[in-house]
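**Q** Protein chains in written order, with the working numbering: chain A, 677 to 1037; chain B, 711 to 849.
Cβ atoms here follow ideal geometry from the backbone N, Cα and C, with glycine treated the same way.
The model shown is predicted, which means the values in this text are computed figures rather than measured ones.
The structure's right below; bear with me while I get my questions together.
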């Protein structure tokens, strides 16, 4: 059963409070306050109070004035004024100044109150859904802004480079120079391609549904070994994989693969080219429904002051290697989808270790 | 025209910096070029060799959008160097940003007193020639 809805009733007459609480306590969590300071302290300590009732006639402050005040300081709870039948002035006032949701006539019946709370609660829910949606929209909008900015740089950048190369090619006649330029052009094209692919990853992570199935880490790593062995051989990088999995593991396979792909491509990409012993090591252990994964490299490492930012969208901490600034951001989104965690341990010029934990579902 | 031109290229893109170098070599006969992928290294080098490399002014061809230290940050730091060091250099910005799509960025970078002008990427020989025309008339 869900938690009871929290409501607050403010009235200077203790008898009214007792009566109110007695008839509603079964259905709701009722707070009662005899004066405004007490009411405010309840509101401060219980930000999830959804409905506030207040009597119009109180000695230190009218109900309308009270609502006018909390409308600014505590805008979320729905405000309902309780007032005597004849008091039309105060009702108009309450609507205009206190911006109340509705009023209940005195003397009230239990049915009146329950109906009012029911309506108020619906209004509250609609409002809070709206603000959640608003926040999501704002976030999406901010990301869209970043994308628009990045598209101009990360897509136009390589393209203008290639265009410039075509301009230059018209004036070049040395074949060796031409080959060197082709090599750099190829790098730019690959960068662009990788960018578009990770853009696709980004999109599928944001919009895709979970597809739970059994995951065999041996199988995943066999596939990846096939892909990265070539890179390892060409660049003289020792590549080792250790998998210990004896139990069934269930989760969405696509994000798991995405995480491995990004961490591994980084581990290979950010090797120290001058170093004699280069290695990448993957350790996976599945125990008690949790997969613990280490991806260790002996690469260039990440500067301490940058470690906090590497998971941010479009952040790049290195100017020598081409990065899109999307890879680790996607890793982080993938993990939040899988309910997993990631930790980084990096020493500059020595290497980086990522530790990932993913629960089985 | 060949009284020894000196350039510093600051661009994180290998291809772009290759292109700039080749275009410079095609345009000027006697030319010294240093290139940096990381603007911080360029700044350190300028700081350590305050006299510059040549008797003439060194032209810094600066990209704007770079990781770690972008073109704006570079100029910001460059203008903190002693005036006699700054005098040895002239900053020309090379960027894919356009005054149409990014008018603020373009006018912001031109607002720096050491930034002489902005060239739109991709570079071409024509653009370099009109730049050197302009630089000559500046003197």
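1. In three-state terms, what does DSSP make of residue 711(A)?
2. Residues of chain B with CB under 7 Å from residue 841(A), in chain order?
3. Just to confirm the assignment, what range does the beta strand (DSSP E) spanning residue 928(A) have?
4. On the three-pair Cβ rule with 8 Å, is the region 722-739 of chain B touching the region 1008-1025 of chain A?
5. Kindly indicate which three-state DSSP category residue 931(A) falls into: helix, strand or coil?
6. Residues of chain A with CB closer than 8 Å to the CB of residue 806(B), please, in chain order.
7. Suppose the cutoff is 8 Å on Cβ atoms and the five residues either side in sequence are ignored; what does the same chain contact list for residue 861(A) look like?
8. Closer than 8 Å, Cβ to any Cβ of chain A: which residues of the region 834-846 of chain B, in chain order?
9. Run through chain A and tell me which residues come within less than 9 Å of residue 736(B), C-beta to C-beta.
10. What are the residues of the region 853-884 of chain A that lie near chain B, defined by any Cβ-Cβ distance shorter than 8 Å?
11. Under 8 Å, CB to CB, which of the residues in the region 798-823 of chain B have a partner in chain A?
12. Keeping to the same chain, check which residues put their C-beta closer than 7 Å to that of residue 697(A); ignore five residues upstream and five downstream.
13. Quick check for students: name the residue ranges of the alpha helix (DSSP H) that lie wholly in the region 715-778 of chain B, counting only runs of 4 or more.
14. Could you tell me which residues DSSP pairs with residue 778(A) in its beta bridges?
15. Quick check: the region 835-849 of chain B against the region 805-814 of chain B, are at least 3 beta-carbon pairs closer than 8 Å?
16. Going by the CB atoms, is the gap between residue 712(A) and residue 754(A) shorter than 8 Å?
17. Per DSSP, which one or two residues make a beta bridge with residue 1034(A)?
18. Going by the beta-carbon positions, is the gap between residue 771(A) and residue 732(A) smaller than 8 Å?
19. With a threshold of 6 Å on Cβ separation, who are the neighbours of residue 974(A) within its own chain once the five nearest residues in sequence on each side are excluded?
20. For residue 715(B), count the other beta carbons within 10 Å of its own beta carbon; 16 or more makes it buried, fewer makes it exposed. Which is it?
21. Quick test of your reading: residue 891(A) and residue 929(A), contact by CB under 8 Å. State the CB separation rounded to the nearest angstrom.
22. With 8 Å as the threshold, decide whether the Cβ of residue 733(B) is near any Cβ in chain C.
23. Can you have a look at residue 884(A) and say buried or exposed, based on whether 16 or more other CB atoms are within 10 angstroms of its CB?
24. Quick check: the region 745-753 of chain B against the region 766-779 of chain B, are there 3 or more CB pairs under 8 Å?
25. When DSSP labels each residue in this structure, what does residue 952(A) get in the three-state scheme?
26. Who are residue 799(B)'s beta bridge partners in DSSP?
27. Work out the CA separation of residue 839(B) and residue 789(B) for me, nearest whole Å.
28. Buried or exposed: which applies to residue 897(A), given that a residue is buried once 16 or more other Cβ atoms fall within 10 Å of its Cβ?
**A** The short version:
1. Along the first chain, one-based indexing puts residue 711(A) at 35. Three-state result, residue 711(A): coil.
2. Counted from its first residue, the first chain places residue 841(A) at position 165. Neighbours of residue 841(A) in chain B, taken as residues at a C-beta separation under 7 Å, are given in chain order as 725 and 729.
3. Position 252 of the first chain, counting from 1, holds the residue named residue 928(A). For residue 928(A), the enclosing beta strand (DSSP E) stretches over residues 926-928.
4. In this structure the region 722-739 of chain B does not lie against the region 1008-1025 of chain A, because fewer than three pairs of beta carbons, one per stretch, are closer than 8 Å.
5. If you number the first chain from 1, residue 931(A) lands on position 255. The answer is helix: DSSP assigns residue 931(A) an H, G or I state.
6. Residue 806(B) sits at position 96 when you count from the first residue of the second chain. Residues of chain A with a Cβ closer than 8 Å to the Cβ of residue 806(B) are, in chain order, 828, 829, 832, 833 and 836.
7. As a first step, residue 861(A) must be located in the first chain, where it is residue number 185. Counting only residues of its own chain and dropping the five nearest sequence neighbours on each side, residue 861(A) has a CB closer than 8 Å to the CB of 837, 838 and 841.
8. If the cut-off is 8 Å between Cβ atoms, the region 834-846 of chain B has 834 and 835 near chain A.
9. By 1-based counting over the second chain, the position of residue 736(B) is 26. Within chain A, the residues near residue 736(B) are 844, 847 and 848.
10. Correct list: 853, 856, 857, 860, 861, 863 and 864.
11. Of all residues in the region 798-823 of chain B, those with a C-beta nearer than 8 Å to a C-beta of chain A are 806, 807, 811 and 812, reading in chain order.
12. The residue labelled residue 697(A) in the question sits at position 21 within the first chain. Around residue 697(A), the same chain offers 706 and 708 as residues with beta carbons nearer than 7 Å, after the five sequence neighbours per side are excluded.
13. List check, alpha helix (DSSP H) in window: 724-737 and 749-758.
14. Here residue 778(A) refers to the residue found at position 102 of the first chain. According to the DSSP secondary-structure assignment, residue 778(A) is paired through a beta bridge with 756(A).
15. As far as the Cβ criterion goes, the region 805-814 of chain B does not touch the region 835-849 of chain B, which means the pair count is below three.
16. As a first step, residue 754(A) is located in the first chain; it is residue number 78 there, counting from the start. As a first step, residue 712(A) is located in the first chain; it is residue number 36 there, counting from the start. Contact flag unset, no.
17. Your numbering for residue 1034(A) matches position 358 in the first chain. Beta-bridge analysis with DSSP links residue 1034(A) to 967(A).
18. Here residue 771(A) refers to the residue found at position 95 when the first chain is read from its first residue. Here residue 732(A) refers to the residue found at position 56 when the first chain is read from its first residue. Against a cut-off of 8 Å, the Cβ pair of residue 732(A) and residue 771(A) comes out as no contact.
19. Stepping through the first chain from its first residue, residue 974(A) is reached at position 298. Counting only Cβ-Cβ distances below 6 Å, and skipping sequence neighbours, we find 954, 955 and 1027.
20. In the second chain, the residue the question calls residue 715(B) occupies position 5. A residue is called buried once 16 or more other Cβ atoms fall within 10 Å of its Cβ, and residue 715(B) is buried on that count.
21. Position 215 of the first chain, counting from 1, holds the residue named residue 891(A). Position 253 of the first chain, counting from 1, holds the residue named residue 929(A). Confirmed, about 5 Å.
22. The chain inventory of the structure shown lacks chain C, comprising the protein chains A and B.
23. Locating residue 884(A) in the first chain gives position 208, where the first residue counts as 1. The residue in question, residue 884(A), is exposed, as its Cβ has fewer than 16 Cβ neighbours within 10 Å.
24. Contact annotation: the region 745-753 of chain B touches the region 766-779 of chain B, with at least three C-beta pairs closer than 8 Å.
25. Residue 952(A) sits at position 276 when you count from the first residue of the first chain. Residue 952(A) falls in the coil class under three-state DSSP.
26. Numbered from 1 along the second chain, position 89 holds the residue referred to as residue 799(B). In the DSSP assignment, residue 799(B) forms a beta bridge with 768(B).
27. Taking the second chain and counting its residues from 1, one reaches residue 789(B) at position 79. Taking the second chain and counting its residues from 1, one reaches residue 839(B) at position 129. The straight-line gap from Cα to Cα measures roughly 27 Å.
28. The sequence position of residue 897(A) within the first chain is 221, counting from 1. Burial of residue 897(A) is indicated by the presence of at least 16 other C-beta atoms within 10 angstroms of its C-beta.
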